[in-house]
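Q: Here it is, the structure, as structure tokens.
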Amino acid sequence: MKGFIKCQIALCGLTTLLFSLIILTRLSHAAGFSISPIKVNLTPENNKIMSLKVHNSSNELVAIQAELMSWNQKEGKDLYESKTREILVTPPIFTVPPGETQIIRVGLRRPADLKQELSYRLFLQELPSPIPNKFQGLQMVMRMSLPVFVAPATGSASSDLSWDIRQVNKGNLILESYNRGNGHAQIAELRLKLSDGQELVQKGNTYILPDSKHEWSIDFKGGSLSGATVKLVAKVNGKTLTSEMLVE
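So this is what it looks like as structure tokens:
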């Protein structure tokens, strides 16, 4: 093998898919797998243990490594810490025959926080199959991740978002949201409605963890909006929220 290129493609939805590409001269198809559910919510009611199904939809045997990482955010960026002992997944490495399903379990090893939701990420990495001698081609392996949330020991978890908007040099709009709640906010879509009838749409799937913030840069070429009122319509945790803001 003369060259190696790793390429990661992130897809924003309820899950993130990453593909690593190894350059050869012929194509070797990756096995495909899916997981359900696509979000893990651990609560006292389910004894802080949850089962998930990993299904192999391909016609090849697939080997998968599962890893859990603690998940925090700082200045709008996701931070992951590996080798956490607070939470585990079993089995950590497994194979799934074509068309079959493997059950894996996620469990919390530490006490739940008394007042705030805990956040983790479960990563599932397809292990590449051995490459025969003199084989030349393109091998693709799949990596996906999904959120794991642990409810507080007392009370319930909920988000509490504040919003601000400003304009940069009469151009793009910077929308910022800060989560003052004790639970995550999952934002699936944002719409800014201007007084002249324009509607600016920002799609995607963004999580804001407790005591964290996120910024969106929204393309706008219509001139100055300083002092204008805009209406925000956001889908947060499956609910539609509206708010009116003054552009700074």
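Take 3 as the starting number for the sequence shown in our numbering and just add one per residue. Every residue gets a Cβ at the ideal spot worked out from N, C-alpha and C, and that includes glycine.
1) For residue 228, which of 248, 219, 220 has the nearest alpha-carbon?
2) Which residues in the same chain as residue 70 place their Cβ atom closer than 6 Å to its Cβ, once the five residues preceding and following it in sequence are excluded?
3) Please report the distance separating the alpha-carbon of residue 115 from that of residue 172.
4) Taking just the CA atoms, how far does residue 243 sit from residue 205?
5) Which stretch, first to last residue, makes up the beta strand (DSSP E) that contains residue 166?
6) Applying the 10 Å Cβ sphere with the 16-neighbour rule, what's the burial state of residue 120?
7) Regarding residue 153 and the ligand NAD, is the C-beta to nearest heavy atom distance less than 7 Å?
8) Could you compute how far the alpha carbon of residue 113 sits from the alpha carbon of residue 148?
9) Beta-carbon separation of residue 200 and residue 239 under 8 Å?
A: Looking at the atomic coordinates:
1) 248
2) 89, 91, 122, 124
3) Roughly 45 Å separates the two Cα atoms.
4) Take the alpha-carbon of residue 205 and the one of residue 243: they are about 15 Å apart.
5) 163 to 169
6) The residue in question, residue 120, is buried, as its Cβ has 16 or more Cβ neighbours within 10 Å.
7) Annotation note on the ligand NAD: not contained in the displayed structure, which lists no ligands.
8) Straight-line Cα distance between these residues: approximately 22 Å.
9) Their beta carbons are not under 8 Å apart, which means residue 200 does not touch residue 239 by this criterion.
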